[in-house]
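Numbered by mature numbering (1 follows the signal peptide of the UniProt record, and there is no 0), the letters in the sequence shown go through residues -16 to -1, 1 to 220 in order. A virtual CB, placed ideally from N, CA and C, is assigned to each residue, including glycine.
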Amino acid sequence: MIGALLLFALVARALGCGLPTYQPQLPRVVGGEDARPNSWPWQISLQYYSSGQWRHTCGGSLVAKDWVLTAAHCISSSRTYRVLLGRQSLSTDEDGSLAVQVSKLVVNENWNPNKLTQGNDIALLKLANPVSLSDKIQLGCLPPAGSILPNNYVCYVTGWGRLQTNGALPDILQQGQLLVVDYATCSSRGWWGSSVKTNMICAGGDGVISSCNVSVENRVLRLHNEMGLGSPEKMF
């Protein structure tokens, strides 16, 4: 555990990513909580244009100045998208925030919305213009290829996802702590069984905190990109 944390810290410093100016406040809070403003500066809001206004649909992470990582299930080729960066509140035009058009959608070629258990729910968004980094907009880190997180590795989910099944979307960025569940446990008969693949990461299972509109009754969460890349657990 210590070795994994040290490796991530060294990688972050070397690459200049994953180091927020405003450190997040991370107490253990049941059900999650409002995040400290700009403490997850790689977090983005993916929005689509409909009926004369922009609507939040998913979260994602800024992984390069002109690339965003998100989930494939968030993408429709028939929609026009933009990315909102540097925001705490979706309804407030905050100083230092940016809205950038998406010029290209790159969805994993093996993603099949009719076969969710195959995984591959990942996509990249090319921004129309590279963004300038600031104290409110920073890059998230991607883990080294082949990284496997140990059981109970601490990670955090962030985003504007629903606070309860079929509930309203929050206006303020939310955060919550989850613990990684190793593959042996997650793929067991009492959990997700054969629907879990080795290229997935499981976390949660406490019946309290989850993300991506997953009911709290589910015993585990297969992470999607409603979250920001605060830790390397979000690579799936």
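When I59, T41 and P114 are compared, the shortest CA-CA separation from N96 is found for I59. Note that the C-beta distance between L157 and W24 is below 8 Å.
Restricting attention to beta strand (DSSP E) runs no shorter than 3 residues, the segment 59 to 135 encloses them at 65 to 69, 82 to 91 and 107 to 111, ordered along the chain.
When the beta-carbon positions are compared, L69 and L89 stay at least 8 Å from each other.
Contact between the segment 79 to 87 and the segment 110 to 124 is present, with at least three C-beta pairs closer than 8 Å.
When C-alpha distances from C125 are compared across E17, D18, L10 and W26, the shortest belongs to W26.
Bridge partners of H40 according to DSSP: Q31.
For the options V138, R173 and N113, the alpha carbon positioned closest to that of K49 is the one of N113.
Remark: C-beta atoms of L153 and A187 do not approach each other more closely than 8 Å. Apart from the 5 residues on each side of it in sequence, W51 sits with its Cβ closer than 8 Å to the Cβ of L108, L109, K110 and L111 in its chain, given in chain order. R71 counts as buried, since at least 16 other C-beta atoms from the protein chains shown sit within 10 angstroms of its C-beta. If you draw a straight line from the Cα of S45 to the Cα of R63, it comes to about 20 Å.
Here the alpha carbon of K99 sits roughly 38 Å from the alpha carbon of T76. Taking 8 Å as the upper bound for CB-CB distance, W175 and H40 are not in contact here, some 31 Å apart. Looking at Q159, I106 and T54, the one whose alpha-carbon comes closest to that of Q9 is Q159. The C-beta of L147 has fewer than 16 other C-beta atoms within 10 Å across all chains shown, which makes the residue exposed.
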